[in-house]
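Be aware that the sequence shown starts at 69, since it is given in this note's numbering, and climbs by one per residue. Data block below; observations after.
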Amino acid sequence: MAGGAAAACAPRRSGEIVLRFWAMGNEGGTVGQLTPEFERRHPGVRVEVQPLPWTAAHEKLLTAYAGASLPDVSQIGNSWVAELTAIGALSPTPPEAANLLSDQFPAVLETNEIGGRAMTTPWYVDTRLLFYRKDLLARAGFGAPPQDWAEWKRAMHGVKRAAGQGNYAILLPLNEFEQLLTFGLQVDEPLLRDRATRGNFSSPGFVSALAFYKSLFDEGLAPLASSTQISNVWTEFAKGYFSFYFSGPWSVGDFRSKLPASFQPQWATAGVPGPKGPGASAPGGSSLAVFSSSRHQDAAWALVRYLSEPAVQARFNAIVGDLPARRSAWGLAQVERDPMLAPFKGQLERARAVPKVPEWERIVTEMQIVAERMVRGEHTPESAAAEIDRRADRLLEKRRWMMEQGRAA
Numbered sequence: 069m070a071g072g073a074a075a076a077c078a079p080r081r082s083g084e085i086v087l088r089f090w091a092m093g094n095e096g097g098t099v100g101q102l103t104p105e106f107e108r109r110h111p112g113v114r115v116e117v118q119p120l121p122w123t124a125a126h127e128k129l130l131t132a133y134a135g136a137s138l139p140d141v142s143q144i145g146n147s148w149v150a151e152l153t154a155i156g157a158l159s160p161t162p163p164e165a166a167n168l169l170s171d172q173f174p175a176v177l178e179t180n181e182i183g184g185r186a187m188t189t190p191w192y193v194d195t196r197l198l199f200y201r202k203d204l205l206a207r208a209g210f211g212a213p214p215q216d217w218a219e220w221k222r223a224m225h226g227v228k229r230a231a232g233q234g235n236y237a238i239l240l241p242l243n244e245f246e247q248l249l250t251f252g253l254q255v256d257e258p259l260l261r262d263r264a265t266r267g268n269f270s271s272p273g274f275v276s277a278l279a280f281y282k283s284l285f286d287e288g289l290a291p292l293a294s295s296t297q298i299s300n301v302w303t304e305f306a307k308g309y310f311s312f313y314f315s316g317p318w319s320v321g322d323f324r325s326k327l328p329a330s331f332q333p334q335w336a337t338a339g340v341p342g343p344k345g346p347g348a349s350a351p352g353g354s355s356l357a358v359f360s361s362s363r364h365q366d367a368a369w370a371l372v373r374y375l376s377e378p379a380v381q382a383r384f385n386a387i388v389g390d391l392p393a394r395r396s397a398w399g400l401a402q403v404e405r406d407p408m409l410a411p412f413k414g415q416l417e418r419a420r421a422v423p424k425v426p427e428w429e430r431i432v433t434e435m436q437i438v439a440e441r442m443v444r445g446e447h448t449p450e451s452a453a454a455e456i457d458r459r460a461d462r463l464l465e466k467r468r469w470m471m472e473q474g475r476a477a
């Protein structure tokens with residue numbers, strides 16, 4: 069953080085290009101450690117890093133767009149690409165930067181593409197998979213993590229018995245959409261239809277995902293609880309309150325630091341089971357965006373190219389722990405030597421991109437509201453699917469109109 073803060077305070081020298089770079093969360097506080105080498109390679113260019121909290125970043129970007137005050141480069145959430153493209157804020161990846169896209173995970177790259185053109189460049193990646201109790205799974209008679217839904221259901225019943233009365237098999241917080249979305253991405257049918265202008269949640273595949281999700285509550289395998297009702301995930305995991313937990317690479321460090329050394333051999337990570345074998349999940353992470361309003365396009369893209377170099381991504385992995393976006397950086401960072409991180413590579417290879425519409429975050433929020441009502445007995449899977457479609461269609465009404473007018477991709 070010190071490097072970025074120092075750059076921000078330095079006076080502008082005559083003829084110097086100052087690149088304004090917004091970065092969020094841990095990355096915002098640490099990327100300044102990488103910029104001095106970029107500045108050494110590019111005399112006359114200085115990078116001014118402004119750290120932002122994730123909670124304020126989306127609104128700040130839209131406000132800056134409206135006020136014509138966007139930075140030159142920014143880290144953005146992958147789910148914002150469609151929205152920022154729709155308002156014309158992004159500068160597409162130029163041909164001379166195409167090599168940055170050559171060794172990316174397919175679903176992550178697809179998330180960054182709109183209309184077949186890369187609008188942003190993946191910076192780091194993540195996805196969700198299973199954290200599980202190895203000891204309880206073994207006591208239930210399973211020597212390896214389950215591979216499909218049927219085997220997983222048997223394993224969940226087994227670990228619940230092994231954990232004892234008052235405990236469950238899996239934590240599926242009712243205020244989080246990511247778990248149900250994962251199941252929905254594992255079926256064949258797309259989540260939206262008619263050129264992503266209407267919901268497709270009543271498809272047989274998604275109804276089966278809803279039915280599987282609902283069964284985990286109906287059979288007492290998951291508690292009817294939100295994340296706010298679980299005071300300490302790590303303590304409850306260690307106590308055996310649940311044995312399977314969906315999370316991403318950011319939790320590996322937490323499980324290692326917050327659980328005692330004596331407990332470390334008792335947990336592991338594994339890919340998410342699917343209906344008929346290892347299943348998909350949603351690609352996550354964040355990307356680097358160059359804004360069309362930047363007056364320093366060449367320098368901005370030079371910064372993106374530098375931060376995308378495999379050696380630089382490997383160094384950033386060592387600093388902040390993010391999984392590199394480029395496959396070639398994984399070997400340099402020796403990510404797969406870590407047994408808890410290695411399964412993420414296979415999960416990322418199986419990931420499936422979510423629909424690229426600006427309304428998507430609101431659609432999945434509505435999906436989860438209906439899903440909670442379903443597990444509480446207000447809906448069957450079929451009626452829940454119909455209600456999610458109704459809500460999605462309402463949110464997509466403007467998009468349908470724009471498609472009819474030829475104003476949306």
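Note that the Cβ used here is the ideal one computed from N, Cα and C, for glycine as well. These numbers come from a predicted model, not from an experiment.
Self-check item: Selected residue, minimal CA-CA separation from Gly342, among Gly252, Tyr309, Ala132, Ala367
Solution: Per the Cα distances, Gly252.
Exercise. Please list, in chain order, all residues of the same chain as Arg395 whose beta carbon is under 6 Å from its beta carbon, the five residues on each side excluded.
Key: These residues qualify, in order along the chain: Asp171.
Quiz item: Does the segment 378-388 come close enough to the segment 83-100 to have 3 or more Cβ pairs within less than 8 Å?
Solution: With a cut-off of 8 Å, the segment 83-100 and the segment 378-388 count as touching, because enough Cβ pairs lie within range.
Exercise. Mark Glu446 as exposed unless 16 or more other C-beta atoms lie within 10 angstroms of its C-beta, in which case mark it buried.
Key: By the C-beta density criterion, Glu446 is exposed, having fewer than 16 other C-beta atoms within 10 angstroms.
Practice problem: Using beta-carbon positions only, say whether Leu239 and Phe310 come within less than 8 Å of one another. | Solution: Taking 8 Å as the Cβ cut-off, Leu239 and Phe310 qualify as a contacting pair.
Quiz item: Taking DSSP as the reference, what is the three-state secondary structure of Ile535?
Solution: Not covered by the structure: residue 535. The range shown for the chain is 69 to 477.
Exercise. To the nearest angstrom, report how far apart Asp457 and Arg266 are at their CA atoms.
Key: Arg266 has its alpha-carbon roughly 7 Å from the corresponding atom of Asp457.
Quiz item: Any idea if Pro250 is buried or exposed, counting beta-carbon neighbours within 10 angstroms, 16 or more meaning buried?
Solution: Going by the sequence as given, residue 250 is Thr instead of Pro. So Thr250 ends up on the buried side.
Quiz item: With 16 as the cutoff for other CB atoms within 10 Å, does Leu168 come out buried or exposed?
Solution: With 16 or more other Cβ atoms within 10 Å, it is buried.
Exercise. Along the beta strand (DSSP E) that carries Pro119, what are the first and last residues, could you check?
Key: Counting along the chain, the beta strand (DSSP E) containing Pro119 begins and ends at 113-120.
Quiz item: How big is the Cα-Cα spacing for Ser159 and Ala223?
Solution: If you take the alpha carbons of Ser159 and Ala223, they lie about 48 Å apart.
Quiz item: Per DSSP, what kind of secondary structure is Ala212 in: helix, strand or coil?
Solution: Coil, per DSSP.
Quiz item: So, do the segment 353-360 and the segment 138-149 have three or more beta carbon pairs nearer to each other than 8 Å?
Solution: The segment 353-360 is in contact with the segment 138-149.
Quiz item: Any chance the segment 232-248 sits against the segment 287-295, with 3 or more Cβ pairs inside 8 Å?
Solution: Result yes; three or more Cβ-Cβ pairs closer than 8 Å.
Practice problem: Express the C-alpha separation of Ile85 and Ala338 in angstroms, rounding to a whole number. | Solution: C-alpha separation (whole angstroms): 46 Å.
Self-check item: Cβ-based neighbour list, Ile483, same chain, cut-off 7 Å, excluding 5 preceding and 5 following
Solution: Coverage of the chain is limited to positions 69 through 477, which leaves residue 483 absent and any answer about it impossible.
Quiz prompt | Contact between the segment 371-385 and the segment 431-451 (3+ Cβ pairs under 8 Å) | solution = No, the segment 371-385 is not in contact with the segment 431-451.
Quiz prompt | Three-state class that DSSP yields for Asp171 in the structure shown | solution = Residue state, collapsed to three classes: coil.
Quiz item: What does a CB cutoff of less than 6 Å around Gln247 pick up in its chain, not counting 5 residues either side in sequence?
Solution: Answer for Gln247: Leu240, Phe314, listed in chain order.
Exercise. Please state whether DSSP places Ala277 in a helix, a strand or coil.
Key: In this structure, Ala277 counts as helix in the three-state DSSP scheme.
Quiz item: Skipping 5 residues on each side, what residues in its chain have a beta carbon closer than 7 Å to that of Ala76?
Solution: Reliability fails at Ala76, whose pLDDT of 47 lies under 50, so the model's placement of it is uncertain and the value that follows must be treated cautiously. Close CB contacts of Ala76 within its chain, under the 7 Å cut and outside five residues either way in sequence, are with Glu116, Val117, Gln118 (chain order).
Quiz item: What's the gap between the Cα of Met435 and the Cα of Ala329?
Solution: So the two alpha carbons sit approximately 39 Å from each other.
Practice problem: Identify every run of the alpha helix (DSSP H) within the segment 249-325, keeping only runs that are complete inside it and at least 4 residues long; order them along the chain. | Solution: Taking only runs of at least 4 residues, the alpha helix (DSSP H) segments lying wholly in the segment 249-325 are 272-286, 301-307.
Quiz item: Buried or exposed: Trp469, going by 16 or more other Cβ atoms within 10 Å of its Cβ?
Solution: With fewer than 16 other beta carbons inside 10 angstroms of its own, Trp469 counts as exposed.
Quiz item: Would you report the Cα separation of Lys413 and Ser354, rounded to the nearest angstrom?
Solution: So the alpha carbons of these two residues sit roughly 16 Å apart.
Quiz item: Taking Cβ positions, are Trp302 and Lys202 nearer each other than 8 Å?
Solution: Between Trp302 and Lys202, the C-beta gap is not smaller than 8 Å, which leaves the two residues out of contact.
Practice problem: Could you give the DSSP three-state label for Gln143: helix, strand or coil? | Solution: Here Gln143 sits in strand by DSSP.
Quiz item: Roughly how many whole angstroms lie between the Cα atoms of Glu244 and Pro411?
Solution: Approximately 23 Å between the Cα atoms of the pair.
Exercise. Could you check the C-alpha separation between Glu107 and Leu327 for me, to the nearest Å?
Key: So the alpha carbons of these two residues sit roughly 41 Å apart.
Quiz prompt | CA nearest to the CA of Phe210, picked from Lys228, Asp194, Leu177 | solution = The shortest C-alpha separation from Phe210 is found at Lys228.
Quiz prompt | Buried versus exposed, by CB contacts within 10 Å (16 or more), Glu440 | solution = By the neighbour-count rule (16 or more Cβ atoms within 10 Å), Glu440 is buried.
Quiz item: When the Cα atoms are used, what is the spatial distance from Asn235 to Phe323?
Solution: Rounded to whole angstroms, the gap between the alpha carbons of Asn235 and Phe323 is 20 Å.
Quiz item: From which residue to which residue does the alpha helix (DSSP H) around Gly96 run?
Solution: Residues 93-98.
Quiz item: Which one of Arg185, Leu284, Phe199 has the shortest CA to CA distance from Pro407?
Solution: Among Arg185, Leu284, Phe199, the Cα nearest to that of Pro407 is on Phe199.
Practice problem: Classify Thr131 as helix, strand or coil using the three-state DSSP reduction. | Solution: DSSP places Thr131 in helix when its eight states are reduced to three.
Practice problem: Report buried or exposed for Gly345, applying the criterion of at least 16 other Cβ atoms within 10 angstroms of its Cβ. | Solution: Exposed, since its Cβ has fewer than 16 Cβ neighbours within 10 Å.
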